[in-house]
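Below you'll find the structure, written out as C-alpha coordinates, and then a few comments.
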Amino acid sequence: MERSRVWLVTGASRGLGLALAREVARRGEGLVICARGAEGLAQAAAQLRALGASVHARAGDVADRDLARRLVAEGTERFGRIDVLVNNASLLGPSPLPPLAQYPLAQLEEVFAANVFGPLALIQAVLPGMLARGHGLIVNISSDAAVGGYPGWGGYGASKAALDLITHTLANELAGTGVGAVAIDPGDMRTQMHQAAFPGEDISDRPLPEEVAPAVLEIIDRELARAGRAGNASANGAEGSYPARPWRFLAQGVVHP
(Lines of atoms letter the chains of each structure in order from A and count residues from 1; the text may use other names and numbers.)
(Lines give C-alpha, C1' and ligand atoms only; values in the text may rest on other atoms or scores of the structure.)
Protein backbone atom coordinates (compact mmCIF):
# COMPACT_ATOMS: atom_id res chain seq x y z
CA MET A 1 0.00 0.00 0.00
CA GLU A 2 1.39 3.40 -0.99
CA ARG A 3 2.16 5.80 1.82
CA SER A 4 0.31 9.09 1.80
CA ARG A 5 3.44 11.21 1.25
CA VAL A 6 7.16 10.85 0.78
CA TRP A 7 9.48 13.54 2.10
CA LEU A 8 13.11 14.36 1.28
CA VAL A 9 14.61 16.35 4.16
CA THR A 10 18.21 17.58 4.18
CA GLY A 11 20.13 18.35 7.34
CA ALA A 12 17.96 15.82 9.15
CA SER A 13 20.37 14.58 11.82
CA ARG A 14 19.68 17.43 14.25
CA GLY A 15 17.99 20.78 14.72
CA LEU A 16 14.93 21.73 12.71
CA GLY A 17 15.54 19.03 10.11
CA LEU A 18 15.34 16.26 12.69
CA ALA A 19 12.44 17.89 14.52
CA LEU A 20 10.46 18.16 11.29
CA ALA A 21 11.34 14.60 10.30
CA ARG A 22 10.05 13.40 13.67
CA GLU A 23 6.72 15.10 13.05
CA VAL A 24 6.51 13.38 9.66
CA ALA A 25 7.57 10.03 11.14
CA ARG A 26 4.74 10.14 13.67
CA ARG A 27 2.37 10.11 10.69
CA GLY A 28 4.01 6.95 9.37
CA GLU A 29 5.01 8.65 6.12
CA GLY A 30 8.07 7.90 4.00
CA LEU A 31 11.32 9.78 4.62
CA VAL A 32 14.48 10.24 2.58
CA ILE A 33 17.02 11.98 4.80
CA CYS A 34 20.59 13.17 4.52
CA ALA A 35 23.20 14.91 6.65
CA ARG A 36 26.97 15.26 6.56
CA GLY A 37 27.74 13.12 9.62
CA ALA A 38 27.13 9.41 9.04
CA GLU A 39 26.93 8.54 12.74
CA GLY A 40 24.43 11.27 13.59
CA LEU A 41 22.36 10.40 10.54
CA ALA A 42 22.24 6.73 11.50
CA GLN A 43 21.04 7.66 14.98
CA ALA A 44 18.38 9.95 13.52
CA ALA A 45 17.20 7.24 11.13
CA ALA A 46 16.84 4.80 14.02
CA GLN A 47 14.75 7.32 15.97
CA LEU A 48 12.50 7.95 12.98
CA ARG A 49 11.97 4.26 12.29
CA ALA A 50 11.05 3.76 15.95
CA LEU A 51 8.34 6.41 15.46
CA GLY A 52 6.81 4.45 12.59
CA ALA A 53 8.45 5.86 9.47
CA SER A 54 10.02 3.99 6.61
CA VAL A 55 13.38 5.72 6.15
CA HIS A 56 16.09 5.84 3.50
CA ALA A 57 19.20 7.62 4.78
CA ARG A 58 22.33 8.68 2.91
CA ALA A 59 25.21 10.60 4.43
CA GLY A 60 26.57 13.39 2.28
CA ASP A 61 27.15 17.10 1.87
CA VAL A 62 24.51 18.98 -0.10
CA ALA A 63 27.33 21.03 -1.60
CA ASP A 64 28.22 17.83 -3.49
CA ARG A 65 25.90 18.15 -6.46
CA ASP A 66 26.08 14.44 -7.24
CA LEU A 67 24.31 13.85 -3.92
CA ALA A 68 21.13 15.39 -5.32
CA ARG A 69 20.93 12.88 -8.15
CA ARG A 70 21.64 9.95 -5.83
CA LEU A 71 19.13 11.01 -3.18
CA VAL A 72 16.29 11.49 -5.63
CA ALA A 73 17.08 8.31 -7.57
CA GLU A 74 17.35 6.20 -4.43
CA GLY A 75 14.28 7.76 -2.84
CA THR A 76 12.22 7.22 -5.97
CA GLU A 77 13.40 3.62 -6.26
CA ARG A 78 12.50 2.99 -2.61
CA PHE A 79 9.16 4.80 -2.41
CA GLY A 80 8.08 5.38 -6.01
CA ARG A 81 8.08 9.16 -5.76
CA ILE A 82 8.99 12.20 -3.67
CA ASP A 83 6.15 14.54 -2.75
CA VAL A 84 7.89 17.15 -0.60
CA LEU A 85 11.47 18.40 -0.78
CA VAL A 86 12.65 20.31 2.30
CA ASN A 87 15.95 22.11 1.67
CA ASN A 88 16.85 22.56 5.32
CA ALA A 89 20.61 21.93 5.45
CA SER A 90 22.69 25.08 5.45
CA LEU A 91 26.16 26.37 6.28
CA LEU A 92 26.65 29.37 8.56
CA GLY A 93 30.19 30.25 7.52
CA PRO A 94 32.97 31.57 9.77
CA SER A 95 32.32 31.90 13.50
CA PRO A 96 32.36 34.54 14.81
CA LEU A 97 30.65 36.10 11.80
CA PRO A 98 32.98 38.56 10.02
CA PRO A 99 31.99 41.84 8.34
CA LEU A 100 31.77 41.62 4.57
CA ALA A 101 34.93 43.72 4.12
CA GLN A 102 36.87 40.95 5.86
CA TYR A 103 34.89 37.91 4.69
CA PRO A 104 37.17 35.18 3.26
CA LEU A 105 35.90 34.68 -0.27
CA ALA A 106 36.80 31.00 -0.32
CA GLN A 107 34.54 30.45 2.68
CA LEU A 108 31.80 32.53 1.08
CA GLU A 109 31.94 30.22 -1.93
CA GLU A 110 31.45 27.27 0.45
CA VAL A 111 28.41 28.98 1.99
CA PHE A 112 26.84 29.54 -1.42
CA ALA A 113 27.65 25.98 -2.50
CA ALA A 114 25.74 24.59 0.49
CA ASN A 115 22.95 27.17 0.74
CA VAL A 116 22.21 27.98 -2.91
CA PHE A 117 23.71 25.55 -5.43
CA GLY A 118 23.04 22.44 -3.35
CA PRO A 119 19.34 23.22 -2.89
CA LEU A 120 18.98 24.15 -6.55
CA ALA A 121 20.58 20.86 -7.60
CA LEU A 122 18.03 19.00 -5.48
CA ILE A 123 15.20 21.07 -6.94
CA GLN A 124 16.34 20.27 -10.47
CA ALA A 125 16.60 16.57 -9.61
CA VAL A 126 13.18 16.27 -7.97
CA LEU A 127 11.08 18.52 -10.21
CA PRO A 128 10.70 16.24 -13.26
CA GLY A 129 8.96 13.58 -11.20
CA MET A 130 6.75 16.10 -9.42
CA LEU A 131 5.74 17.75 -12.68
CA ALA A 132 5.01 14.39 -14.30
CA ARG A 133 2.62 13.59 -11.44
CA GLY A 134 1.24 17.14 -11.28
CA HIS A 135 1.76 17.27 -7.52
CA GLY A 136 4.48 18.28 -5.07
CA LEU A 137 6.03 21.03 -3.01
CA ILE A 138 9.51 22.57 -2.83
CA VAL A 139 10.25 23.97 0.64
CA ASN A 140 13.32 26.14 1.14
CA ILE A 141 14.18 27.03 4.74
CA SER A 142 14.98 30.73 4.82
CA SER A 143 16.07 33.22 7.47
CA ASP A 144 15.41 36.79 8.50
CA ALA A 145 19.09 37.33 7.62
CA ALA A 146 17.93 37.23 3.99
CA VAL A 147 16.19 40.58 4.43
CA GLY A 148 17.64 42.09 7.61
CA GLY A 149 21.02 43.46 6.52
CA TYR A 150 22.41 42.59 9.95
CA PRO A 151 26.11 43.40 10.50
CA GLY A 152 28.14 40.21 10.28
CA TRP A 153 25.38 38.30 8.55
CA GLY A 154 26.18 39.46 5.01
CA GLY A 155 27.57 36.15 3.77
CA TYR A 156 24.91 33.85 5.19
CA GLY A 157 22.19 36.42 4.55
CA ALA A 158 23.19 36.87 0.92
CA SER A 159 22.98 33.12 0.37
CA LYS A 160 19.51 32.98 1.91
CA ALA A 161 18.42 36.01 -0.12
CA ALA A 162 19.52 34.17 -3.25
CA LEU A 163 17.54 31.11 -2.14
CA ASP A 164 14.52 33.33 -1.52
CA LEU A 165 14.70 34.68 -5.07
CA ILE A 166 15.02 31.15 -6.42
CA THR A 167 11.90 30.25 -4.43
CA HIS A 168 9.91 33.26 -5.63
CA THR A 169 10.87 32.65 -9.25
CA LEU A 170 10.04 28.96 -9.01
CA ALA A 171 6.67 29.75 -7.46
CA ASN A 172 5.87 31.89 -10.50
CA GLU A 173 7.31 29.44 -13.03
CA LEU A 174 5.38 26.53 -11.51
CA ALA A 175 2.05 28.33 -11.09
CA GLY A 176 -0.82 26.11 -12.19
CA THR A 177 1.24 22.92 -12.47
CA GLY A 178 0.17 21.39 -9.16
CA VAL A 179 3.72 21.84 -7.86
CA GLY A 180 4.44 24.70 -5.48
CA ALA A 181 7.51 26.41 -4.06
CA VAL A 182 7.66 28.20 -0.72
CA ALA A 183 10.26 29.70 1.59
CA ILE A 184 9.76 29.33 5.33
CA ASP A 185 11.64 31.42 7.90
CA PRO A 186 11.47 29.46 11.16
CA GLY A 187 12.88 32.31 13.24
CA ASP A 188 15.63 32.09 15.84
CA MET A 189 15.98 28.69 17.48
CA ARG A 190 18.16 27.08 20.13
CA THR A 191 20.45 25.19 17.75
CA GLN A 192 24.16 24.53 17.31
CA MET A 193 24.22 26.86 14.31
CA HIS A 194 22.56 29.70 16.19
CA GLN A 195 24.98 29.26 19.08
CA ALA A 196 27.90 29.37 16.63
CA ALA A 197 26.55 32.67 15.30
CA PHE A 198 26.58 34.09 18.83
CA PRO A 199 29.60 32.44 20.51
CA GLY A 200 29.60 32.81 24.27
CA GLU A 201 26.09 34.28 24.40
CA ASP A 202 23.14 32.78 26.25
CA ILE A 203 20.55 31.68 23.68
CA SER A 204 18.38 29.77 26.14
CA ASP A 205 15.48 32.16 25.51
CA ARG A 206 15.16 30.92 21.91
CA PRO A 207 12.60 28.18 21.23
CA LEU A 208 13.77 24.64 20.61
CA PRO A 209 13.37 23.28 17.06
CA GLU A 210 10.78 20.85 18.42
CA GLU A 211 8.63 23.83 19.39
CA VAL A 212 8.83 25.36 15.92
CA ALA A 213 8.48 22.24 13.77
CA PRO A 214 4.68 21.87 14.14
CA ALA A 215 4.15 25.39 12.76
CA VAL A 216 6.48 24.65 9.85
CA LEU A 217 4.60 21.42 9.13
CA GLU A 218 1.27 23.23 9.22
CA ILE A 219 2.49 25.67 6.57
CA ILE A 220 3.77 22.82 4.40
CA ASP A 221 0.50 20.89 4.65
CA ARG A 222 -1.51 23.96 3.71
CA GLU A 223 0.71 24.98 0.80
CA LEU A 224 0.90 21.45 -0.60
CA ALA A 225 -2.89 21.35 -0.65
CA ARG A 226 -3.02 24.82 -2.22
CA ALA A 227 -0.62 23.80 -4.99
CA GLY A 228 -2.77 20.75 -5.68
CA ARG A 229 -5.93 22.84 -5.95
CA ALA A 230 -4.21 25.23 -8.34
CA GLY A 231 -3.07 22.30 -10.46
CA ASN A 232 -6.57 20.85 -10.59
CA ALA A 233 -8.01 24.21 -11.58
CA SER A 234 -5.47 24.54 -14.38
CA ALA A 235 -6.20 21.01 -15.59
CA ASN A 236 -9.88 21.94 -15.74
CA GLY A 237 -9.20 24.92 -17.96
CA ALA A 238 -8.60 27.69 -15.43
CA GLU A 239 -5.53 29.86 -15.90
CA GLY A 240 -2.49 29.38 -13.68
CA SER A 241 -2.06 31.93 -10.91
CA TYR A 242 0.89 34.09 -12.01
CA PRO A 243 2.32 35.79 -10.06
CA ALA A 244 2.08 33.14 -7.33
CA ARG A 245 1.18 34.65 -3.92
CA PRO A 246 2.01 34.15 -1.14
CA TRP A 247 5.36 32.38 -1.34
CA ARG A 248 7.31 33.36 1.81
CA PHE A 249 6.16 32.49 5.32
CA LEU A 250 7.22 32.92 8.93
CA ALA A 251 6.71 29.99 11.26
CA GLN A 252 5.30 32.43 13.82
CA GLY A 253 3.08 34.28 11.35
CA VAL A 254 2.81 34.84 7.63
CA VAL A 255 4.45 37.36 5.34
CA HIS A 256 4.14 37.58 1.59
CA PRO A 257 6.41 40.35 0.29
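Going from the sequence shown to my numbering is simple: count from 1 and add 27. Even glycine gets a Cβ: it sits at the ideal position worked out from N, Cα and C. In this text, all values refer to a predicted model and were calculated from it rather than measured experimentally.
ILE150 is classed as buried because its beta carbon has at least 16 other beta carbons within 10 Å across all chains shown. Under the rule that a run must span 3 or more residues, the beta strand (DSSP E) segments found entirely inside the segment 52–90 read 57–62 and 81–86. With a threshold of 16 other beta carbon atoms within 10 Å, GLU245 falls short and is exposed. Residue burial annotation: ARG275 is buried, with at least 16 other C-beta atoms found within 10 angstroms of its C-beta.
Burial state of GLU104 is exposed, judged by a 10 Å Cβ sphere holding fewer than 16 other Cβ atoms.
Note: GLY207 is bridge-paired with LEU164 in the DSSP secondary-structure output. With respect to LEU75, ARG53 sits apart: the two C-beta atoms are not nearer than 7 angstroms. In the DSSP assignment, ARG49 is bridged to no other residue.
When only Cα atoms are considered, VAL33 and ALA128 end up about 43 angstroms apart. DSSP places THR37 in the strand class (E or B) of the three-state scheme.
Between MET216 and VAL239, the CB-CB gap stays under 7 angstroms.
Taking 7 angstroms as the cut-off, the beta carbon of GLY42 is found closer than this to the beta carbon of PRO236. Cβ-Cβ distances below 6 angstroms link ARG96 to ALA152 in the same chain, with the five nearest sequence neighbours on each side left out; the list follows chain order. Annotation: PRO178 to SER122 spans about 13 angstroms, alpha carbon to alpha carbon.
When the five nearest sequence neighbours on each side are left out, the beta carbons in the same chain lying within less than 7 angstroms of the beta carbon of VAL138 are those of LEU118, GLY120, GLY182, TYR183 and SER186, in order along the chain. The C-beta distance from GLU250 to GLY207 rounds to 5 angstroms, short enough to fall under 8 angstroms. The C-alpha of GLY214 is placed about 20 angstroms away from the C-alpha of GLY227.
A check of alpha carbon separations from ALA210 across ARG85, VAL174, LEU94 and ALA224 identifies VAL174 as the nearest. Listed in chain order, the non-local C-beta contacts of GLY38 below 8 angstroms within the same chain comprise GLY44, CYS61, ALA62, VAL89, ASN115, ALA116 and SER117, local neighbours out to five positions each way being set aside.
Residue pairing by DSSP places ASN114 opposite ASN167 in a beta bridge. The alpha carbon of ALA80 has as its nearest neighbour, out of GLU50, ALA100 and GLY87, the alpha carbon of GLU50. According to the DSSP assignment, PHE106 belongs to the alpha helix (DSSP H) that extends over 92–106.
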